[in-house]
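What follows is one structure encoded as structure tokens, with my remarks underneath.
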Amino acid sequence: MFLSCPFSSAIWNQVFRWLGIHTVLPRHIDHLYDQMGHSIGGATNKRIKLVFWHAACWLLRNARNSVIFNSEEPEPGGILMAIKSIAWQWIAYKKGFAVGYQFSSWFMNPLVCL
Numbered sequence: 034m035f036l037s038c039p040f041s042s043a044i045w046n047q048v049f050r051w052l053g054i055h056t057v058l059p060r061h062i063d064h065l066y067d068q069m070g071h072s073i074g075g076a077t078n079k080r081i082k083l084v085f086w087h088a089a090c091w092l093l094r095n096a097r098n099s100v101i102f103n104s105e106e107p108e109p110g111g112i113l114m115a116i117k118s119i120a121w122q123w124i125a126y127k128k129g130f131a132v133g134y135q136f137s138s139w140f141m142n143p144l145v146c147l
């Protein structure tokens, strides 16, 4: 579901593009987890770096459930926006809402904000 589906693969490619990472998606989700953890340089806390992975998995799962249980058609742009928003909220919460950047900066270049 997370990598074999063309829709999910497109979302992952958008996430990596947003992060400024040029990569080829692996075939297995555990390899994607490792790849994302190692690809993001500059962040000192591995859990903070992997918030992107967790947000994407959570929102892809929610989209899948909406398709199955509510017969909804997922919107790729909406899912990417939700990933950006949720990741920012989770990091802001983790930092006690003492983030030193605006959401607009995060939206454009999240790794600079870390």
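Read left to right, the sequence shown gives residues 34 to 147 (my numbering). Note that the Cβ used here is the ideal one computed from N, Cα and C, for glycine as well.
Out of the options, state which residue places its alpha-carbon closest to the alpha-carbon of residue i.
i: H61; options: L52, I73 and W45; result: W45
i: W121; options: V84, L93, L92 and G110; result: V84
i: L52; options: A96, C146 and N142; result: N142
i: L65; options: G110, F35, K127 and I119; result: F35
Would residue i and residue j be called neighbours here (beta carbons separated by less than 8 Å)?
i: T56; j: S37; result: no
i: V48; j: I116; result: yes
i: S137; j: C146; result: no
i: W3; j: M69; result: Nothing about residue 3 can be read from this structure; the chain reaches only from 34 to 147.
If you draw a straight line from the C-alpha of residue i to the C-alpha of residue j, how long is it?
i: Y134; j: P59; result: 32 Å
i: I3; j: E108; result: Because the chain here runs from 34 to 147, residue 3 falls outside it and cannot be looked at.
i: S42; j: L113; result: 12 Å
i: S99; j: F40; result: 14 Å
i: E106; j: A96; result: 8 Å
i: I119; j: I101; result: 23 Å
i: A89; j: G111; result: 12 Å
i: D67; j: K82; result: 11 Å
- Message: Just to confirm the assignment: which complete alpha helix (DSSP H) runs, minimum length 4, are found wholly within the segment 115-145?
- Response: 136-141
- Message: Could you tell me which whole alpha helix (DSSP H) segments of length 4 or greater appear in the segment 52-91?
- Response: 62-72 and 79-82
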